[in-house]
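*Asks:*
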Amino acid sequence: PGPPQLRVEECLSPADMREEVSERRVIAPVTAIKAARTVIPRAEIQRASLCRHADGLVYMLTALRRDGHFVHVMVDAKTGQVAGQY
8 PGPPQLRVEE
18 CLSPADMREE
28 VSERRVIAPV
38 TAIKAARTVI
48 PRAEIQRASL
58 CRHADGLVYM
68 LTALRRDGHF
78 VHVMVDAKTG
88 QVAGQY
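Reading the sequence shown from the start, the letters are residues 8 to 93 in our numbering.
(1) What did DSSP end up calling Gly87 once you bin it into helix, strand or coil?
(2) To which residues of the same chain is Ala90 closer than 7 angstroms at the C-beta, ignoring the five residues directly before and after it?
(3) By Cβ distance below 8 angstroms, which residues in the same chain neighbour Asp39 in space, the five residues on each side in sequence not counted?
(4) Would you mind working out which of Ile52, Val33, Val28 and Gly75 sits nearest Lys41, comparing C-alpha positions?
(5) Can you grab the Cα-Cα spacing for the pair Pro11 / Ser29, in whole Å?
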């Protein structure tokens with residue numbers, strides 16, 4: 008298991024994610040992807056999910072690095088700041 012600060016409660020459905028974005032309660036997924044690319048510049052983003060976390064909503068991004076390993080990046084859904092990588 009990862010560090011406790013990376014623990015995610017549950018992820019929203021695609022419809023709920025769209026609603027959160029359209030109501031401007033969270034940043035758009037593309038903005039979260041751009042933030043993740045600052046810490047994993049050449050990785051290919053495979054998935055972006057909006058999930059509940061102790062501190063609020065976060066994007067959990069799964070990326071495939073060029074070396075074939077997956078890496079996960081957590082981005083704060085309100086600020087767009089990278090909150091963790093594991």
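Here a beta-carbon is modelled for each residue, glycine too, at the ideal position from N, C-alpha and C. Predicted, not measured: the structure shown is a model, and the values here were computed from it.
*Replies:* Taking the geometry as given:
(1) coil
(2) Val65, Met81, Val82 and Asp83
(3) Sequence check: residue 39 is Ala here, not Asp. Answer for Ala39: Ala55, Tyr66, Leu68, Val82, Ala84 and Gly87, listed in chain order.
(4) Ile52
(5) Unreliable placement is indicated for Pro11, whose pLDDT of 43 sits below 50; no coordinate value is reported for it.
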